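K.L.:
Following this message is one structure expressed as structure tokens.
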Amino acid sequence: MIKTERLTKHYGTIHALTEVDLEVAPGEILGFLGPNGAGKSTTLRILSGYLPPTSGKASINGLDLMNESLAARRCTGYLPENFVAPSELRVSEYLRFRASLKGLRSKQVPAEVQRVAKHLGLEPRLRQPFSALSKGFRQRVGLADALLGDPPALLLDEPFSGLDPLQREEFRTILKNLATSGKAILFSSHVLPEVEEIAMRVQILHHGRSKAVGTLEDLQSHLHEKAKLCLRLSESGAQCEQVLTDAAKELDFSFTEQNDKSYLIELNDHSKRSELFQRLAASKLPVVEFRELRPDLDQLFRNLVEESPS
Amino acid sequence: MRAFVALWRREVFSMMVSPFAFVLLGVWFLLNGMLFVVALNTQQVMDDLRLLPPFLFGSGMLVWLLLPAFPPLLCIRLFAEEHRVGTLEPLLTAPIRDFAVVLAKYLAACVFFLLFWGGVLLLFLLLHWHGGDLDWARVLGGMTGAILTSFLFLATGLWASSWSSNLVLGAGGGAALNYLLLFVPALFELNEGALGAVARSMHLPNFLDRGFSAGLLDSYALVYMLGLSALFLFLTWMRLVSRRWVP
């Protein structure tokens, strides 16, 4: 659905993007991670048809962005970073204009605007000018714009930036629902928790190169990083230490006591998490919490840059 | 085509609700009214009212001072403002060709600028209703020439607007280019030889003074003005395309 092959973009001597491959299937959400200047926005701008690549291929829905740019753009909904609409237009006027710009017939336009407004909870704001909206609603207008014409592919550049926690949660729910309806979604971010929440796969960029792609678990395994688990009990006891010591030999992990009721477990093999869970459940220990401690982006990113091949 | 019409309508609408555009229109009406009164009070025009159109549209201050400045001011919002505010990216990622974007914006500016000329036409109508004996062939010819000149200056203004997100540079660059188009040929038109001939063939006020304002439809001037307008629209399109390669 969304695909690039050896995508490269140079600005003179600056190599913004070097041979990046990516693929997003229908119904999938791919999180595009990387620090500022990694090439995320450049990739999205190429895929949106705003910038041409220096070399390589980019396609949406099988349509090549260089040779069939207009047709590819019709299949794409794009939310740029820091989305802005003309301040003199009301939300409904702006969405009607964008629907017409995307080639919808004049008879279809009002119904289409109503559809996206209803979907994104924008109906009460339709008569307000864009300049009077909060950041959260501005982002919604941007997403509504991207959804006009029901394109199968969505490109969202830092869609969560500037949103408060409640708005982020709402936005995540909206994106999940869109993916469920079959849309291929590629979004960029530099905040791991957002990506973790909704992305089915993650692709990490650094200095314009793709450093890794896969689920977060895949990335951790790829880096040979130990799975860190937190175990908390309602009461302390020697029995717990004994159970953990026995299991540690078989399942290849180490553990340290944080305090008398909680332990940090470092598991060498990620695939043995469920086995450990079953062992703890069978032992009838008074477990109140058993959860995986996820690596933060800084750590994961640092490891990828230092350890993974480019 | 639907996308083109949608963009054209939006641009016209944006100008219609823009306070800046109406301030421009007001200043234009005020200055033109003053020039009109000054022209009416000159001895030549008082002696023969048929000389009013060449005086106003040909050698008068309307063309030399006002006309080069106003179209670029109207054009600054078309690209420079969009670039500054950040609305250009959503526009250029919509399924519409770059040249259609240029043409829609240009035609919207042309349509809005007809309002400017409507005010000037109204002055002639008022004079006519007060018993002024006007030569309408000269009036309408002069206005046609001036409208074509303003369309040319809108094309140069659009081109200048596409170069920068700085509004002052966009408007100032366009106005400077228009003054160059007027004054450079004027500087050399008295030269003998090829340079003088080239300068005379590019001298806009001459076309307006001796052709359009005399009630004549000068086909060379028509082709020159439309051709030059097309050239600047093409350059604007090229600028838009090149911006995608070198932002």
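First to last, the sequence lines map onto chains B and R. Just so you know, we're using the numbering used here here: the first sequence kicks off at 32 and counts up by one. Just so you know, we're using the numbering used here here: the second sequence kicks off at 70 and counts up by one. Backbone N, C-alpha and C define an ideal beta-carbon position, used for all residues, glycine too. Only a predicted model underlies this, so the values are computations on that prediction, with no experimental measurement involved.
1. Assign R/Ala72 to one of two classes, buried (16 or more other C-beta atoms within 10 Å of its C-beta) or exposed (fewer than that).
2. State the DSSP-derived secondary structure class of B/Leu48, mapped to helix, strand or coil.
3. Which whole-angstrom value is the C-beta distance of B/Leu174 and B/Leu194, which I expect to be below 8 Å?
4. Determine, using beta carbons only, whether R/Ala75 comes closer than 8 Å to chain B.
5. Please state whether DSSP places B/Val115 in a helix, a strand or coil.
6. What does the alpha-carbon distance come out to for the pair R/Phe193 and R/Pro159?
7. Counting only beta-carbon separations shorter than 8 Å, does B/Pro340 have a partner in chain R?
8. Hey, how far is the Cα of B/Val318 from the Cα of B/Ala130?
9. Between the alpha carbons of R/Gly280 and R/Leu143, how many angstroms are there, rounded?
10. On the DSSP bridge assignment, give the partners of B/Pro160 in chain order.
11. Do R/Phe182 and R/Pro140 count as a contact pair if the criterion is CB distance below 8 Å?
12. In chain B, which residues lie with their C-beta within 7 Å of the C-beta of R/Leu161?
13. By alpha-carbon positions, which one of B/Gly93, B/Glu124, B/Thr39 ends up nearest to B/Ala184?
14. Less than 8 Å separating the beta-carbons of B/Leu187 and R/Ala75?
15. Flag B/Asn299 as yes if its beta-carbon sits less than 8 Å from any beta-carbon of chain R, otherwise no.
16. May I have the straight-line CA-CA distance separating R/Val292 from B/Ser79, to the nearest angstrom?
17. With 8 Å as the threshold, decide whether the Cβ of B/Asn113 is near any Cβ in chain R.
18. When you compare only the Cα positions, how much space is there between R/Leu297 and R/Leu221?
19. Let me confirm a value: R/Pro316 is counted as buried when at least 16 other C-beta atoms fall within 10 Å, else exposed. Which label applies?
20. With H, G and I counted as helix, E and B as strand and the rest as coil, what does DSSP make of R/Ile216?
21. What do you reckon, are the CB atoms on B/Leu82 and B/Lys40 nearer than 8 Å?
22. Can you pull the chain B neighbours of R/Ile165, defined as C-beta to C-beta under 7 Å?
23. Which same chain residues, not among the five before or five after B/Leu307, have their C-beta less than 6 Å away from its C-beta?
P.N.:
In short, the structure shows the following:
1. Within the second sequence, residue 72 of chain R is the residue found at index 3, counting from 1. The residue is buried, with at least 16 neighbouring Cβ atoms inside 10 Å.
2. What you label residue 48 of chain B is simply residue 17 of the first sequence in a count that begins at 1. When secondary structure is reduced to three states using DSSP, B/Leu48 falls in the strand class.
3. Residue numbering aside, residue 174 of chain B sits at position 143 when the first sequence is read from its first letter. Residue numbering aside, residue 194 of chain B sits at position 163 when the first sequence is read from its first letter. No, B/Leu174 and B/Leu194 are not in contact; Cβ-Cβ is about 11 Å, not under 8 Å.
4. Taking the first residue of the second sequence as 1, we reach residue 75 of chain R at position 6. Closer than 8 Å to some Cβ of chain B, the Cβ of R/Ala75 qualifies, so yes.
5. In the first sequence, residue 115 of chain B corresponds to position 84, counting from 1. Looking at B/Val115 - three-state DSSP - the assignment turns out to be coil, as it is neither helix nor strand.
6. Start at 1 with the first residue of the second sequence, and residue 193 of chain R comes out as number 124. Start at 1 with the first residue of the second sequence, and residue 159 of chain R comes out as number 90. R/Phe193 and R/Pro159: Cα-Cα distance of roughly 44 Å.
7. By 1-based counting over the first sequence, the position of residue 340 of chain B is 309. Annotation note: pLDDT 48 at B/Pro340 (below 50); position unreliable, coordinate value reported separately. No, B/Pro340 lies away from the interface with chain R (no Cβ there is under 8 Å from its Cβ).
8. As a first step, residue 318 of chain B is located in the first sequence; it is residue number 287 there, counting from the start. As a first step, residue 130 of chain B is located in the first sequence; it is residue number 99 there, counting from the start. Distance between the alpha carbons of B/Val318 and B/Ala130 is about 55 Å.
9. Counting from 1 along the second sequence, the entry for residue 280 of chain R is found at position 211. Counting from 1 along the second sequence, the entry for residue 143 of chain R is found at position 74. The alpha-carbon atoms of R/Gly280 and R/Leu143 are separated by roughly 27 Å.
10. Walking along the first sequence from the start, residue 160 of chain B turns up at place 129. Under DSSP, B/Pro160 shares a beta bridge with B/Arg121.
11. Position 71 of the second sequence, counted from the first residue, corresponds to residue 140 of chain R. Position 113 of the second sequence, counted from the first residue, corresponds to residue 182 of chain R. Contact flag set, yes.
12. As a working note, residue 161 of chain R is residue 92 in the second sequence. Against chain B, the beta carbon of R/Leu161 has neighbours under 7 Å at Tyr81, listed in chain order.
13. For the purposes of this step, residue 184 of chain B is identified with residue 153 of the first sequence, where counting begins at 1. Check the Cα spacing between B/Ala184 and each of B/Gly93, B/Glu124, B/Thr39: the tightest is with B/Gly93.
14. Along the first sequence, read from residue 1 onward, the residue named residue 187 of chain B stands at position 156. Along the second sequence, read from residue 1 onward, the residue named residue 75 of chain R stands at position 6. Their beta carbons are not under 8 Å apart, which means B/Leu187 does not touch R/Ala75 by this criterion.
15. As a position in the first sequence, residue 299 of chain B is number 268, starting the count at 1. Not closer than 8 Å to any Cβ of chain R, the Cβ of B/Asn299 fails to qualify, so no.
16. Counting from 1 along the second sequence, the entry for residue 292 of chain R is found at position 223. Counting from 1 along the first sequence, the entry for residue 79 of chain B is found at position 48. For R/Val292 and B/Ser79, the distance between alpha carbons rounds to 39 Å.
17. The residue you call residue 113 of chain B lines up with position 82 of the first sequence. At a cut-off of 8 Å between C-beta atoms, B/Asn113 counts as an interface residue with respect to chain R.
18. Here residue 297 of chain R refers to the residue found at position 228 of the second sequence. Here residue 221 of chain R refers to the residue found at position 152 of the second sequence. About 7 Å.
19. Sequence index remark: in the second sequence, residue 316 of chain R carries index 247 (1-based). In this prediction, R/Pro316 scores a pLDDT of 48, lower than 50, which makes its location untrustworthy; the coordinate-derived value is nonetheless stated afterwards. Flag for R/Pro316 reads exposed.
20. As a first step, residue 216 of chain R is located in the second sequence; it is residue number 147 there, counting from the start. Three-state DSSP puts R/Ile216 in a helix.
21. Locating residue 82 of chain B in the first sequence gives position 51, counting from the first residue. Locating residue 40 of chain B in the first sequence gives position 9, counting from the first residue. Going by C-beta atoms, B/Leu82 is nearer than 8 Å to B/Lys40.
22. For the purposes of this step, residue 165 of chain R is taken as residue 96 along the second sequence, with counting starting at 1. Here the neighbours are Leu132.
23. Residue numbering aside, residue 307 of chain B sits at position 276 when the first sequence is read from its first letter. Setting aside the 5 residues that flank it on each side, B/Leu307 is surrounded in the same chain by Leu282, each with a C-beta closer than 6 Å to its C-beta; the list follows chain order.
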